[in-house]
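Chains as they are written, first to last, in the working numbering: chain A, 1 to 189; chain B, 1 to 184.
All C-beta atoms, glycine included, are put in the ideal place defined by N, C-alpha and C.
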Amino acid sequence: MGLEEKIPDGIALTTLDAMVNWARKRSVWPLGFGLACCAIEMMSTIASRFDMARFGMEVMRSSPRQADLMIVAGRVSNKMVPVLRRLYDQMPNPKWVISMGACASCGGIFNNYAIKQGVDRVVPVDIYVPGCPPRPEQLIDGILMLYKKIEKESVKRPLITQPNAQTQDERPGEVSGQPHRNPSGELNK
Amino acid sequence: MNLSIDASFMEQSITDFLNNKFPGKVLGDYTYRGQFSLYVTADALYEIALALKEEAALSFDFLVDICSVDHLGKAWESEGRYEIVYTLLSLEHTYRFMLRVKIADHTVAPQSLCDIWHSANWLEREVWDMMGIEFKKHPNLTKIVTDDDLEGHPLRKDFGLVYEEPQFSHNHDEVLITPDNPNH
Ligand code: SF4
């Protein structure tokens with residue numbers, strides 16, 4: 001029926017979005033970025049027992065220029081905030097962030113003077129993985145949820161408007177009532 | 001090198017040496033689980049440290065660490081609010097012990113030991129950063145551990161927890177992150 005009957009064998013029709021998203025989600029390159037104890041579980045996720053390569057992530061990149069997923073594994077100290085933001089800005093679009101563990105998501109047990117109470121005050125977070133530390137299965141589950149999120153994106157809509165877009169609020173299609181702070185501590189508009 | 005040096009012999013020789021050379025400056029000793037320490041007065045600390053390094057029979061050539069204690073609110077606070085603990089090591093005699101100094105206030109700190117052991121430079125900066133003890137004649141007493149925006153010295157017992165109220169759905173509006181609530 002229809003157009004598909006008329007085209008020769010071996011040719012399939014799909015949308016550009018589905019095609020691009022399929023390619024993107026099957027080759028996400030994470031940035032090797034362990035900050036604390038959660039990083040141990042992240043390493044375990046990559047290693048043979050849990051083997052993140054099954055989901056298209058063969059290798060952690062050591063350079064933000066070659067990465068498009070930042071897994072924030074651990075607590076972010078105030079001194080680390082400018083570094084983290086800079087690494088994020090250096091990653092090419094499209095890029096995603098997974099906040100791994102209680103500390104990265106909300107400060108966790110470190111509710112004190114030295115630790116940022118949630119990495120979402122610095123970079124826009126796509127997936128929060130709870131736990132202290134999350135087990136590798138949980139991280140893999142978070143990654144699979146990120147894949148579902150990638151599937152819904154569109155090439156027509158820029159994921160992040162500018163390299164210096166500061167906030168989650170600026171991302172289309174997302175609602176957030178909270179103002180965010182940039183690395184120097186000023187409130188973003 | 002004499003590896004089988006007797007700890008009690010070393011304790012005795014340090015005490016005798018300091019008592020002879022600096023009478024009245026050694027305030028007492030303290031042993032906890034075999035760790036020997038001597039309390040000395042803050043004004044004589046520099047000379048004592050220098051003598052301990054230069055005396056051939058002792059030769060404490062390595063300053064391992066400097067710690068500080070805040071005795072605020074303790075029964076013995078009147079003896080001096082802060083205590084500074086210098087861990088010395090003699091590589092030649094493989095013997096370590098601690099020099100302890102009690103000071104009433106952070107402004108009456110002992111002189112910096114940077115000229116004697118270079119390791120004192122960063123260690124004293126750390127003690128100053130975390131506890132606010134102002135070592136005299138330190139070449140560069142600036143922040144080393146905490147971030148630049150932080151004011152105060154976090155390990156002091158009166159620093160406060162800087163606790164930030166977590167935001168849940170039930171207190172979302174009370175804990176709103178606003179410019180008036182800049183603790184974020
Ligand atoms: S969430 Fe737990 S395991 Fe992860 S960085 Fe924090 S304390 Fe460490």
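A/R24 versus A/M70, A/K95 and A/A47, residue with shortest Cα-Cα distance: In the first sequence, the residue the question calls residue 24 of chain A occupies position 24. Nearest C-alpha to A/R24: A/K95.
Counting C-beta neighbours from all protein chains within 10 Å, is the total for B/H170 16 or more, i.e. buried, or is it exposed? Within the second sequence, residue 170 of chain B is the residue found at index 170, counting from 1. Exposed, since its Cβ has fewer than 16 Cβ neighbours within 10 Å.
Got a sec? Which residues, its chain only, sit under 8 Å from B/S37 by beta carbon, not counting five neighbours each side? Within the second sequence, residue 37 of chain B is the residue found at index 37, counting from 1. Excluding positions up to five away in sequence, the list reads D29, Y30, T31, V85, F97, M98, L99 and R100.
Can you list the residues of chain B that A/C132 reaches, using a CB-CB cut of under 8 Å? For the purposes of this step, residue 132 of chain A is taken as the residue at position 132 of the first sequence. The contacting residues do not exist; A/C132 stays about 14 Å from chain B at best.
Taking just the CA atoms, how far does B/N20 sit from B/L27? Position 27 of the second sequence holds residue 27 of chain B. Position 20 of the second sequence holds residue 20 of chain B. Their Cα atoms are separated by approximately 13 Å.
Distance check for B/P110 and B/G132, CA to CA, integer angstroms please. Start at 1 with the first residue of the second sequence, and residue 132 of chain B comes out as number 132. Start at 1 with the first residue of the second sequence, and residue 110 of chain B comes out as number 110. Roughly 13 Å separates the two Cα atoms.
If contacts are defined as beta-carbon pairs under 8 Å, then A/W22 and A/A67 qualify, I think. What distance do you get, rounded to the angstrom? What you label residue 22 of chain A is simply residue 22 of the first sequence in a count that begins at 1. What you label residue 67 of chain A is simply residue 67 of the first sequence in a count that begins at 1. That belief does not hold up - the Cβ atoms of A/W22 and A/A67 are roughly 20 Å apart, past 8 Å.
So B/A49 is in the alpha helix (DSSP H); what residue range does that whole segment cover? Numbered from 1 along the second sequence, position 49 holds the residue referred to as residue 49 of chain B. Counting along the chain, the alpha helix (DSSP H) containing B/A49 begins and ends at L45 to E54.
So, at 7 Å on beta carbons, what are the nonlocal neighbours of B/F17 in its own chain, with the 5 sequence-adjacent residues on each side left out? Within the second sequence, numbered from 1, the residue matching residue 17 of chain B stands at position 17. Contacts found: E55 and L58.
Under 7 Å between C-beta atoms, does B/D147 make it to chain A? The residue you call residue 147 of chain B lines up with position 147 of the second sequence. B/D147 counts as touching chain A.
Who are the Cβ neighbours of A/L139 in its own chain at under 8 Å, not counting the five residues just before and after it? In the first sequence, the residue the question calls residue 139 of chain A occupies position 139. E41, M42, T45, I71, I98, M100 and V129.
At least 3 beta-carbon pairs within less than 8 Å: the segment 133-141 of chain B vs the segment 113-124 of chain B: yes
If we call anything under 7 Å between Cβ atoms a contact, is A/V122 one with A/V81? Sequence index remark: in the first sequence, residue 122 of chain A carries index 122 (1-based). Sequence index remark: in the first sequence, residue 81 of chain A carries index 81 (1-based). Cβ distance < 7 Å, so A/V122 and A/V81 count as in contact.
Which residues in chain B sit within 7 Å of A/K79, going by Cβ to Cβ distance? Here residue 79 of chain A is taken as the residue at index 79 of the first sequence, counted from 1. In chain order: D147.
With a cut-off of 8 Å on the beta carbons, I'd call A/A73 and A/F110 a contact; round off their distance for me. Position 73 of the first sequence, counting from 1, holds the residue named residue 73 of chain A. Position 110 of the first sequence, counting from 1, holds the residue named residue 110 of chain A. Not a contact, Cβ separation roughly 15 Å.
Over what stretch of residues does the alpha helix (DSSP H) that includes A/S99 continue unbroken? If you number the first sequence from 1, residue 99 of chain A lands on position 99. Looking at the DSSP string, A/S99 is not in any alpha helix (DSSP H); the run it does join, the beta strand (DSSP E), is W96 to M100.
Using beta-carbon positions only, say whether A/L87 and A/P124 come within less than 7 Å of one another. As a working mapping, residue 87 of chain A is identified with position 87 in the first sequence. As a working mapping, residue 124 of chain A is identified with position 124 in the first sequence. Their beta carbons are not under 7 Å apart, which means A/L87 does not touch A/P124 by this criterion.
Roughly how many whole angstroms lie between the Cα atoms of B/P154 and B/F60? Mapped onto the second sequence, residue 154 of chain B falls at position 154. Mapped onto the second sequence, residue 60 of chain B falls at position 60. Looking at the two C-alpha atoms, the distance is approximately 31 Å.
So what does B/Y32 bridge to, in DSSP terms? In the second sequence, counting from the first residue as 1, residue 32 of chain B sits at position 32. Note: B/Y32 sits in a beta bridge opposite B/Q35.
According to DSSP, is B/Y116 helix, strand or coil? On the second sequence, residue 116 of chain B is found 116 positions in, with the first residue counted as 1. Checking the sequence shown, residue 116 of chain B turns out to be Ile, not Tyr. Three-state DSSP puts B/I116 in coil, outside helix and strand.
Pull the bridge partners of A/S77 from the DSSP assignment, please. Counting from one through the first sequence, the residue named residue 77 of chain A turns up at place 77. By DSSP's assignment, A/S77 forms a beta bridge with A/I115.
Checking 7 Å against the spacing of the C-beta atoms, do B/V145 and B/E126 come in under that value? The count along the second sequence starts at 1 and reaches residue 145 of chain B at position 145. The count along the second sequence starts at 1 and reaches residue 126 of chain B at position 126. Yes, the pair counts as a contact, with Cβ atoms nearer than the cut-off.
Here's the rule I'm using: 16 or more other beta-carbon atoms within 10 Å means buried, otherwise exposed. How should B/Q35 be labelled? Translated into the one-based positions of the second sequence, residue 35 of chain B becomes position 35. Exposed, by the Cβ-count rule.
For B/S8, count the other beta carbons within 10 Å of its own beta carbon; 16 or more makes it buried, fewer makes it exposed. Which is it? By 1-based counting over the second sequence, the position of residue 8 of chain B is 8. Exposed is the label assigned to B/S8, since fewer than 16 other Cβ atoms lie within 10 Å of its Cβ.
Members of the segment 151-170 of chain B near chain A, C-beta cut-off 7 Å: P154, L161, V162, Y163, E164 and P166
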